[in-house]
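A.B. asks:
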Amino acid sequence: MTSLLHLDSSHSDHSVSRYLTGLFAREWRRLHGDGGYRYRDLAAEPVPLVTATYCSFAQRVERRGTLPLTTVTAMAESPSEQREWAGTLPLIEEVLDADTLLIGLPMYNYTVPASLKAWIDRITFPGAFKDSRTGESLLRDARAVVVAARGGGYGPGSPKEAFDFQTPYMRMYLEGLGIAGENVHVVHAEMTRASDVPELAEFQDMAARSLAEAEERVTRLPALLAPREPAVR
Numbered sequence: 009m010t011s012l013l014h015l016d017s018s019h020s021d022h023s024v025s026r027y028l029t030g031l032f033a034r035e036w037r038r039l040h041g042d043g044g045y046r047y048r049d050l051a052a053e054p055v056p057l058v059t060a061t062y063c064s065f066a067q068r069v070e071r072r073g074t075l076p077l078t079t080v081t082a083m084a085e086s087p088s089e090q091r092e093w094a095g096t097l098p099l100i101e102e103v104l105d106a107d108t109l110l111i112g113l114p115m116y117n118y119t120v121p122a123s124l125k126a127w128i129d130r131i132t133f134p135g136a137f138k139d140s141r142t143g144e145s146l147l148r149d150a151r152a153v154v155v156a157a158r159g160g161g162y163g164p165g166s167p168k169e170a171f172d173f174q175t176p177y178m179r180m181y182l183e184g185l186g187i188a189g190e191n192v193h194v195v196h197a198e199m200t201r202a203s204d205v206p207e208l209a210e211f212q213d214m215a216a217r218s219l220a221e222a223e224e225r226v227t228r229l230p231a232l233l234a235p236r237e238p239a240v241r
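Position in the sequence shown counted from 1, then plus 8, gives you the working numbering.
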């Protein structure tokens, strides 16, 4: 079954990233149905921050090399380790089961929201996304769509281009997780605060064009993303 994991991380009541991921998800569901659709609102239902117990358990597992997830489960010894792993494994399995990851990514203070970073820190468990026999990525054929919204302008050639620690970080992270670079698709909506921040008012036309381009891309992409074979783990 074709499957989509849809993540939103914005805390805003007027979120552009949520609006755009919603357009993508509706078109995806129109094409593929609801059976393979999974949604997580990381702002409304936060993923707990990793703890010292999580870190020490992860380090102990990593010293053993790349292990099957069932083996990792058996290695959780104390009640606190078992609780940490019980809150981590389902999140990892959601990623492994998805053909496509859809990530709503607002820019907060030049980078990603804490709600998304908490999810990133928890799922990035040693060896979780590698084949325990071959060491190859279990996500090599997965797709990722990152819908990035930012209140100002950070695109190529803009004065603040060097201050974009949002999308370069997310692209680097997803590729590091094992998703092929050509399968990471980033959609930008720029100047999203132009209509309500006085010093950005002159950029309202730019904001409208950027939003229209983003709308077109997110409604076109679902038909272009072919499903992958399920991960073997």
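Think of the CB as a built atom: it goes at the ideal place given N, C-alpha and C, for glycine as much as any other residue. Keep in mind the model is a prediction, meaning the values are calculated, not measured.
Please list, in chain order, all residues of the same chain as His19 whose beta carbon is under 6 angstroms from its beta carbon, the five residues on each side excluded.
C.D. replies: Around His19: Ala51.
A.B. asks: From Arg72 to Arg37, what does the alpha carbon distance come to, in whole angstroms?
C.D. replies: Answer to the nearest angstrom: the Cα atoms are 41 angstroms apart.
A.B. asks: Taking the beta strand (DSSP E) that Leu50 belongs to, which residues open and close that run?
C.D. replies: Counting along the chain, Leu50 falls outside any beta strand (DSSP E), and DSSP gives it neither H nor E.
A.B. asks: Quick one, which of Pro167, Gln212, Glu35 and Glu190 has its alpha-carbon nearest Asp149's?
C.D. replies: Nearest option by C-alpha distance: Glu190.
A.B. asks: Is Glu89 near Phe65, with beta carbons less than 9 angstroms apart?
C.D. replies: In contact: Glu89 and Phe65 (Cβ atoms closer than 9 angstroms).
A.B. asks: Tell me whether Pro114 sits in a helix, a strand or coil according to DSSP, three-state version.
C.D. replies: Strand.
A.B. asks: Shortest alpha-carbon distance to His22 belongs to which of Pro206, Glu221, Arg158 and Leu182?
C.D. replies: Considering only alpha carbons, the answer is Arg158.
A.B. asks: Can you pull the DSSP bridge partners for Thr108?
C.D. replies: Answer by DSSP bridge pairing, in chain order: Leu12 and Arg151.
A.B. asks: Using a Cβ-Cβ cut-off of 9 angstroms, state whether Glu102 counts as contacting chain D.
C.D. replies: The structure shown contains no chain D; it is built from a single protein chain.
A.B. asks: Report the residue from Asp105, Trp127 and Ala84 whose alpha carbon sits nearest the alpha carbon of Leu15.
C.D. replies: Closest by alpha carbon: Trp127.
A.B. asks: Quick check on Lys168: does DSSP put it in helix, strand or coil?
C.D. replies: The answer is coil: DSSP assigns Lys168 none of H, G, I, E or B.
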